[in-house]
Amino acid sequence: MLSPEATTKIDYELTKYPADQRQAAVMSALRIVQTERGWLSKESITEVAQYLGMPEIAAMEVATFYNMYDLSPVGKYKVTICTNISCMLRGSDEIVSHLQNKLGVGFNEVTSDGKFCLKEGECMGCCGGAPLMHVNNTEMHEFLTTDKVDAIIEGLK
Amino acid sequence: MVASSKPVVKTDLAGQTLVTLRTLTEENPASLETYLKLGGYAALKRVVTEKVKPTDIITEVKTSGLRGRGGAGFPTGLKWSFMPRYFDGVKYLVCNTDEGEPGTFKDRDIIRYNPHQLIEGMAIAAYTLGARVGYNYIHGEIWQDYEIFEAALHEAKAAGYLGENLFGTNFSFDLYAVHGYGAYICGEETALIESIEGKKGQPRFKPPFPASYGVFGKPTNVNNTESYTSIPWIMQNGGQAFADLGVPNSGGTKLFSISGHVEKPGNYEVNMGMPFTELLALAGGIWKGRQLKAVIPGGPSTAVMPASAIMGATMDYDGLSKARSSLGAGSMIVMDDTTCMVKALHRLAYFFYEESCGQCTPCREGTGWVYRVIDRIVKGQGKMEDLDLLTDVSNNIAGRTICALGEAAATPVLSFIKHFRPEFEYYIQHGKSMVDGK
Ligand SMILES: Cc1cc2nc3c(=O)[nH]c(=O)nc-3n(C[C@H](O)[C@H](O)[C@H](O)COP(=O)(O)O)c2cc1C
Ligand code: SF4
Ligand code: FES
């Protein structure tokens with residue numbers, strides 16, 4: 001069942017749309033539930049669909065189409081690094097190898113203690129701050145150096 | 001109230017003309033207080049309380065020479081005149097803050113440093129077009145900035161600049177922030193509309209265009225963030241004053257996102273028509289004292305230009321089309337002489353392959369094919385025929401698709417091979433890069 005906190009937040013999103021367009025809130029509802037539970041299981045998606053009164057398959061389509069929804073566990077911290085052209089030109093490859101060595105995982109893998117998952121991202125529209133990474137879809141860290149990456153990772157308990 | 005507003009990172013504003021980022025001169029740029037101090041919301045108040053005729057506003061916007069800043073450069077005043085005047089029901093206004101084409105990061109600075117000017121611009125547009133409800137669709141990657149914008153909306157509403165019966169008139173406008181969650185294609189306006197409706201972001205067949213069938217099937221006007229944010233300045237200073245900032249056919253200022261091999265990457269707002277060399281100098285020039293090799297002037301969907309072609313160019317619509325590329329969204333990706341063009345294209349090809357929504361066969365199959373061929377070249381397994389194959393496949397994507405992504409995907413392939421063919425040939429012959437030897 002969706003938590004009262006989640007339904008309060010989803011209800012706020014629903015105020016943005018006409019009363020007969022509850023499905024419009026699915027993007028934010030999935031985000032809210034994912035933030036609370038760490039990732040989106042099939043059951044979570046079903047609960048969102050039921051709450052919004054939309055077909056389950058339609059909610060599933062949305063969850064699979066947009067790449068910031070995680071349909072499998074991503075550890076406590078999902079670290080996404082952009083490797084697209086502007087970031088590549090400023091050394092994102094070096095940051096990627098540093099992180100892979102440090103955490104001992106490749107892309108889409110979770111560390112054995114379940115703490116970190118590394119993801120390769122597409123352009124995040126912040127290329128002026130390259131190289132950069134995102135933690136748990138919310139915190140943007142820009143102008144990365146290997147030292148800065150170390151400090152950020154140490155800070156994630 | 002906008003507690004999360006960050007301090008300004010950029011302090012050197014010399015050489016810039018601040019229109020859409022005019023709060024950058026201030027301590028706390030995103031706050032309502034700052035915006036009001038700079039004369040904010042006065043234009044909205046004037047048009048609403050004096051009941052300025054919508055057709056007069058459209059004329060002013062036409063005079064300004066403002067062209068859509070989302071990439072296509074369509075004249076904003078003309079677009080506004082397509083919205084049906086009378087419609088029995090709610091009309092919508094949509095702002096496109098979904099940038100995510102590599103090299104594009106200008107609208108982010110507007111929503112985090114000058115959100116109120118965007119809100120005012122949208123409110124003036126809503127008044128002009130009779131739109132009752134608006135959405136600003138912001139890509140999900142910049143969550144902290146989304147929150148700044150949403151806080152600004154609450155602030156504007158509390159101060160009486162959004163909501164019902166503004167300034168005691170019968171004009172009402174509600175504006176909301178909504179978000180994407182990792183799909184570049186949602187920047188295409190009809191995919192964006194699908195996404196607002198809570199669907200996967202697949203572009204619609206056009207016609208019908210959004211002006212007749214947009215959000216929830218209602219007439220909808222879609223503009224880019226920078227386009228709307230220019231409006232308050234135009235209404236305050238007049239369309240002609242805006243036009244005069246730029247050059248013929250390219251009115252006003254333009255925000256250039258400069259990334260890659262420059263000393264000071266970032267956004268620079270300058271008068272249209274500025275020589276490329278001057279703009280490059282603002283960004284500190286090429287980093288590490290190296291030489292310029294190439295520039296993608298307007299985002300990957302615009303043709304790459306070798307240094308020799310861009311050095312003499314001016315940064316405006318005509319200036320760049322004369323130099324055989326285009327202004328696009330003003331996303332300048334700068335590459336120095338250590339850049340391997342084969343590897344650069346490899347990244348771009350992957351991007352378009354990954355981001356194709358898959359609806360049209362030429363785009364879905366073509367982007368995949370192009371990526372696989374470049375991938376095998378990079379792995380040292382390329383053949384000379386591959387270059388013609390790449391050209392062929394790309395030519396067959398363009399023009400045969402529902403949206404412009406297909407064409408956008410073809411442009412880098414065709415222009416990279418055209419201008420840097422020897423590098424591709426060397427890579428194929430030697431199985432490694434001519435530039436970095438790897
Ligand atoms: C694949 C694709 C991606 C696009 N991405 C964006 C975008 O991120 N931001 C944007 O404003 N326009 C984008 N556009 C253009 C929009 O479809 C639309 O033309 C624009 O938002 C209109 O606003 P304007 O006239 O003010 O430029 C994109 C178009 C295509 C085909
Ligand atoms: S051109 Fe590509 S991205 Fe655009 S609708 Fe067709 S398949 Fe989708
Ligand atoms: S290319 Fe990395 S954020 Fe845009």
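Protein chains in written order, with the numbering used here: chain A, 1 to 157; chain B, 1 to 438. Beta carbons: idealized from backbone N, C-alpha and C, even for Gly.
- Let me know if Met1 (chain A) comes out buried or exposed under the rule of 16 or more other beta-carbons within 10 Å of its beta-carbon. Counting the other Cβ atoms within 10 Å of the Cβ of Met1 (chain A) gives fewer than 16, which makes it exposed.
- Please work out which residues of its chain come closer than 6 Å, Cβ to Cβ, to Leu156 (chain A), disregarding the five sequence neighbours upstream and downstream, and give them in chain order. For Leu156 (chain A), where only same-chain residues beyond five positions count, the Cβ hits under 6 Å are Tyr77.
- Query: Is Trp80 (chain B) close to chain A, meaning its C-beta is less than 8 Å from at least one C-beta of that chain?
  - Reply: No, its Cβ sits nowhere closer than 8 Å to a Cβ of chain A.
- Task: Could you list which residues in chain E have their beta carbon closer than 7 Å to that of Glu61 (chain A), in chain order?
- Result: The structure shown has no chain E; the protein chains it does contain are A and B.
- Would you list the residues sitting across from Lys119 (chain A) in a DSSP beta bridge? Per DSSP, A:Thr80.
- Task: Using only alpha-carbon positions, find the residue among B:Ala151, B:Ile124, B:His154 that is nearest to Phe171 (chain B).
- Result: Among B:Ala151, B:Ile124, B:His154, the Cα nearest to that of Phe171 (chain B) belongs to B:Ile124.
- Hey, would you say Asp336 (chain B) sits closer than 8 Å to Ile286 (chain B), going by beta carbons? Contact flag set, yes.
- Closer than 8 Å, CB to CB, is Pro439 (chain B) near chain A or not? Residue 439 (chain B) is absent from the model: chain B starts at 1 and stops at 438.
- Report, in whole angstroms, the separation of the C-beta atoms of Asn249 (chain B) and Tyr317 (chain B), which I expect to be a contact under 8 Å. That pair is a contact at about 6 Å.
- Answer yes if the segment 36–46 of chain B comes into contact with the segment 217–236 of chain B, meaning at least three C-beta pairs across the two stretches below 8 Å, and no otherwise. By the Cβ test, the segment 217–236 of chain B is in contact with the segment 36–46 of chain B, since at least three Cβ pairs between them sit closer than 8 Å.
- Message: Can you confirm whether the segment 209–217 of chain B touches the segment 78–92 of chain B when touching is taken to mean that 3 or more C-beta pairs between the two stretches lie within less than 8 Å?
- Response: Proximity of the segment 78–92 of chain B to the segment 209–217 of chain B meets the contact definition, three or more beta-carbon pairs being nearer than 8 Å.
- Nearest to Leu118 (chain A) (by Cα), restricted to the options A:Val149, A:Gly91, A:Phe143: Considering only alpha carbons, the answer is A:Val149.
- Inspect the CB distances between the segment 246–264 of chain B and the segment 55–67 of chain B and report whether three or more fall short of 8 Å. With a cut-off of 8 Å, the segment 55–67 of chain B and the segment 246–264 of chain B count as touching, because enough Cβ pairs lie within range.
- How should Gln381 (chain B) be labelled, buried or exposed, when 16 other C-beta atoms within 10 angstroms of its C-beta is the threshold for buried? The residue in question, Gln381 (chain B), is exposed, as its Cβ has fewer than 16 Cβ neighbours within 10 Å.
- Message: Per DSSP, what are the beta-bridge partners of Glu139 (chain A) in this structure?
- Response: Answer is A:Val135, bridged to Glu139 (chain A).
- Query: CA-CA distance, Lys383 (chain B) and Ala294 (chain B)?
  - Reply: Each residue's alpha carbon lies about 25 Å from the other.
- Message: As a quick exercise: from B:Cys360, B:Asp107, B:Ser325, pick the residue whose alpha carbon is nearest that of Ser227 (chain B).
- Response: Here the closest residue by C-alpha is B:Asp107.
- Item | CB contact below 8 Å: Gly260 (chain B) versus chain A | Flagged as an interface residue toward chain A: Gly260 (chain B), by a C-beta distance shorter than 8 Å.
- What number of angstroms, rounded off, separates the C-alpha of Gln202 (chain B) from the C-alpha of His139 (chain B)? In this model, Gln202 (chain B) and His139 (chain B) are separated by some 16 Å (Cα to Cα).
- Query: What is the DSSP secondary structure of Gly121 (chain B), reduced to helix, strand or coil?
  - Reply: Taken through DSSP and simplified to helix, strand or coil, Gly121 (chain B) comes out as helix.
- Could you run through the segment 160–180 of chain B and flag, in chain order, every residue whose CB is less than 9 Å away from some CB of chain A? Flagged, chain order: Asp174, Tyr176, Ala177, Val178, His179, Gly180.
- Item | Spatial neighbours of Gly460 (chain B) in its chain, beta-carbon cut-off 6 Å, leaving aside the 5 residues before and after | Residue numbering for chain B in the displayed model covers 1 to 438; residue 460 (chain B) lies beyond these limits and cannot be assessed.
- Could you name the residues that DSSP lists as bridge partners for Tyr86 (chain B)? In the DSSP output, where bridge partners are listed per residue, Tyr86 (chain B) has none listed.
- May I have all residues whose beta carbon comes closer than 6 Å to any heavy atom of ligand 2, sorted in chain order? Any residue whose Cβ sits closer than 6 Å to a heavy atom of ligand 2 makes the list: B:Ile185, B:Pro203, B:Ser356, B:Cys357, B:Gly358, B:Gln359, B:Cys360, B:Cys363, B:Arg364, B:Thr401, B:Ile402, B:Cys403, B:Leu405, B:Gly406.
- Query: What number of angstroms, rounded off, separates the C-alpha of His346 (chain B) from the C-alpha of Phe87 (chain B)?
  - Reply: Taking the straight line joining both Cα atoms gives about 48 Å.
- Can you tell me the Cβ-Cβ gap for Met341 (chain B) and Phe420 (chain B), rounded? I've got them flagged as a contact below 8 Å. Sure, about 4 Å apart at Cβ, within 8 Å.
- Query: Would Lys343 (chain B) be called buried (16 or more neighbouring beta carbons within 10 Å of its own) or exposed?
  - Reply: A buried status is given to Lys343 (chain B), since no fewer than 16 other beta-carbon atoms sit within 10 Å of its beta-carbon.
- May I ask you to list the residues that DSSP assigns as paired with Gly217 (chain B)? Paired residues: none, contrary to the question.
- Query: Is Lys79 (chain B) near ligand 1, judged by its Cβ being under 7 Å from some heavy atom?
  - Reply: Answer for Lys79 (chain B): yes, Cβ within range of ligand 1.
- Rounded straight-line distance, which links the Cα of Ser257 (chain B) to that of Gln291 (chain B): A direct Cα-to-Cα measurement between Gln291 (chain B) and Ser257 (chain B) gives close to 20 Å.
- Task: Taking 8 Å as the cut-off, decide whether the C-beta atoms of Gly168 (chain B) and Ala24 (chain A) are in contact.
- Result: Going by C-beta atoms, Gly168 (chain B) is not nearer than 8 Å to Ala24 (chain A).
- chain A contacts made by the segment 126–159 of chain B, where a contact means CB separation under 7 Å: Within the segment 126–159 of chain B, the residues whose Cβ lies closer than 7 Å to any Cβ of chain A are, in chain order, His139, Gly140, Glu141, Ile142, Trp143, Gln144.
- Message: Quick check: what's the CA-CA separation for Cys360 (chain B) versus Leu414 (chain B)?
- Response: Rounded to the nearest angstrom, the two C-alpha atoms are 20 Å apart.
- Sheet register partners of Tyr92 (chain B) (DSSP bridge): Tyr92 (chain B) pairs with B:Val133, B:Thr220.
- Message: Looking at Gly121 (chain A): is its Cβ nearer than 8 Å to the Cβ of Cys82 (chain A)?
- Response: Closer than 8 Å, so yes.
- Query: Which same chain residues, not among the five before or five after Leu78 (chain B), have their C-beta less than 6 Å away from its C-beta?
  - Reply: Nothing listed; no residue qualifies.
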